[in-house]
Amino acid sequence: MSAAADLAGAVATARAWMAQDPDPVTRAELDALVASAEAGDAAAVAGLVSRFAGRLDFGTAGLRGELGAGPTRMNRVLVGQAAAGLAAFLLGREPNPSVVIGYDGRHNSAVFARDTAELMQGAGVQATILPRLLPTPVLAYAVRHLGASAGVMVTASHNPAADNGYKVYLGGGDGGSQIVPPADAEIQAEILRVAAGSIAGLPRDTGYATADEGVVEAYVRATAAVAGGGTPPTTLSYVYTPMHGVGLETARAVFADAGFPGMAVVPEQAEPDPDFPTVAFPNPEEPGAMDLALALAASTGADLVIANDPDADRVAVGVPDPDAAGGWRRLSGNEVGWLLGWRAARRAAGAGTGTLACSLVSSPALGAIAAASGMRWVETLTGFKWISRAPGLVFGYEEALGYLVDPDKIRDKDGISAAVAVLELFAELKAAGTTYREHLEAFAAEFGGYASSQISIRVADLAQIPATIGRLRDAPPASIGDLAVEGLDDFAPGFEGFPPSDILRFRVAGGRVIVRPSGTEPKLKCYLDGWSTEGPPAERLAEAERIVAALDAGMRELLEG
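According to my numbering, the sequence shown holds residues 3 to 563 in order.
So this is what it looks like as structure tokens:
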């Protein structure tokens, strides 16, 4: 087929898309591209082609992508197709389904939420929208609290400002967890059926309900109760940042109700701002994202830093550290996970055994806690859609700053309830005159010393990720740094009950490396863990850190090759 025919086809496809698009912004975007492409602008032709070269697939993480026109971007047409497809799926499961819808402060989040409510209601699904922009955990809580058949949260969480996304939760037998197979494929099939036509003719109904403040108030009460009411009197002072997201109002209410009023807020990041002007990436894991919070803590003499990501389903913790630059450092996701897992195990003592669960790439320290406490330890694939389904769950976490501390009330990671647990722990330490380092050494004395780190490589070409993993699979290293590789676990064909996944796990004495693609960003990720049970606590910790440092240097050398 000639280039002229290709262009004519792309233009016809774009015009058909514009005909069903209710958004004047994305219609104008396509209109301008079509005009420039027809005038011979090569960049416009490439831009047009890229917008229609496939579509964003609906998977277990729902939808997530860059805002813009066309099926490879997040926009009102794509969201309309998703809403109608989800409605058809729900109507096929039960006669009178319901859905609750939440949204954050990103560009178009409120618009996507209203479109979803109107289309759901028009399709015969009773829709309720939350009263205003709110954190993702409030929506996850509302699915169970309202007894809804499903929940939709419009958010791209910690992705760059140009992105937005669409998460789906299922009620009933799924208990308010995010979707897992086969539901994702069934919903995708319904979406594709809708996409074969036009959303312009789909029925809409503005008679959907708006939830009252009672839902938010119930979440605040339930989440504050994580502290248990037994926190010793303390003058714990802490800095909090919502990172330009929607966490402040809800977190402030929860923390005050839980007995932690001593909060100072980072003023530059306090209000929702979809452009995230003070951070390169609105993710507490990223270098520099917590700099303003740590600086405020240093200048005010605070005891602790708490940072939520923009939709407040993750939490990061900063602690004083005289050896760190500026006197403060962010704890790793694993460090917080160990501490909260230990807290959960102590609280479960005497109440029967339960399950501690974490993702495969999180530290095996949680397994040591479970073994010493007579509890079950479950490793899952990454994502709280899996962690939340662990039978008998008491506590679950993943190293990417996600923690589930109250599974009876919410079946997803929750950065606000986890922050309450962290505040209570540090209040107890302060009341006892114990430093974080002393607490870490007590952990090492009981369970062993653990350390972890991560190498994260952002790529422009997604093909680089499977190519790199394939290279390591086909020619596995005999050693990583100065540590001999004792074994390789390849999850590609399936391994130890896990489904086939593009994951490699290298085992060395006292450590391991896991290599996998990121599930939400264009990154190759390497997870490094080391551990030791030899010698006194300080030596155990030092040896674990030495192993991780050796693995880090060795993996960087391998990846550069």
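By construction, the Cβ of each residue, glycine as well, lies at the ideal position given by its N, Cα and C atoms.
Residue from G64, A346, N285 and A300 with nearest C-alpha to R316 = The shortest C-alpha to C-alpha distance from R316 to any of G64, A346, N285 and A300 is the one to N285.
Nearest-angstrom Cα separation, counted from A447 out to Y405 = 24 Å
Sufficient close CB pairs (3 or more, under 8 Å) joining the segment 529 to 541 to the segment 451 to 461 | Output reads yes: the segment 451 to 461 touches the segment 529 to 541.
Can you check whether the CB of G247 is closer than 8 Å to the CB of D106?
-> yes
Note the first and the last residue of the continuous beta strand (DSSP E) segment covering Y240.
-> Y240 to T243
Give me the Cα-Cα distance between V407 and D416, rounded to the nearest whole angstrom.
-> 8 Å
With a CB to CB cut of under 6 Å and the five nearest residues on each side skipped, what residues in its chain are close to F493?
-> F500, S503 and I505
Find out if the Cβ-Cβ distance for the pair T377, G398 is shorter than 8 Å.
-> Per the sequence shown, the amino acid found at residue 377 is Met instead of Thr. Result no, Cβ atoms of M377 and G398 do not sit closer than 8 Å.
Reference A2, options L35, I418 and P24, closest by Cα | Lying outside 3 to 563, the shown extent of the chain, residue 2 is not represented and no answer is given.
Beta carbon of P539, beta carbon of E443: below 8 Å?
-> yes
Please specify which runs of the beta strand (DSSP E), each continuous and at least 3 residues long, are wholly inside the segment 25 to 94, giving them in chain order.
-> 65 to 68
Taking only the alpha-carbon atoms, compute the straight-line gap between A351 and S375 and give it to the nearest angstrom.
-> For A351 and S375, the distance between alpha carbons rounds to 8 Å.
So what's L1 in DSSP terms, helix, strand or just coil?
-> Since the first residue shown for the chain is 3 and the last is 563, residue 1 is missing from the structure and cannot be characterised.
Using alpha carbons as the reference points, say which of P366, L172, Y438 and L425 lies closest to T62.
-> L172
Where K525 sits in the DSSP three-state scheme | Three-state DSSP puts K525 in a strand.
Per-residue DSSP class, three states only, for T208 | coil
Ranges of the beta strand (DSSP E) found wholly within the segment 488 to 543, counting only runs of at least 3 | 506 to 510, 513 to 519 and 525 to 534
Would you report the Cα separation of V550 and S390, rounded to the nearest angstrom?
-> Near 29 Å, if we compare the C-alpha coordinates of S390 and V550.
Can you give the Cα-Cα distance for A202 and E401, rounded to whole angstroms?
-> 43 Å
Beta-carbon spacing of S52, L92 below 8 Å = no
Taking Cβ positions, are G489 and R473 nearer each other than 8 Å?
-> no
Rounded straight-line distance, which links the Cα of V517 to that of E559 = 14 Å
Spell out a yes or no on whether the segment 74 to 94 and the segment 188 to 198 are touching, meaning 3 or more CB-CB pairs, one atom from each, closer than 8 Å.
-> Counting Cβ pairs under 8 Å, three or more are found: they touch.
Hey, would you say L121 sits closer than 8 Å to G177, going by beta carbons?
-> no
Given P184 as reference, the closest of D33, F60 and L298 once Cα atoms are compared | If you compare the alpha carbons of D33, F60 and L298 with that of P184, the shortest gap goes to F60.
With a CB to CB cut of under 6 Å and the five nearest residues on each side skipped, what residues in its chain are close to A46?
-> The answer, listed in chain order, is L35, S38 and A39.
Find the nearest neighbour of L136 within the set D311, G72, P26 and P269, judged by alpha-carbon distance.
-> Checking every option, the nearest Cα to that of L136 belongs to D311.
In its own chain, which residues sit with a C-beta less than 8 Å from the C-beta of A10, not counting the 5 before and 5 after it?
-> none
Specify the secondary structure class of A14 as computed by DSSP and reduced to three states.
-> In the three-state reduction of the DSSP assignment, A14 falls in the helix class.
In three-state DSSP terms, what is V268?
-> coil
Do you know offhand how far A346's Cα is from V228's?
-> 11 Å
Beta-carbon separation (whole angstroms), L65 vs L58, contact threshold 8 Å | 5 Å
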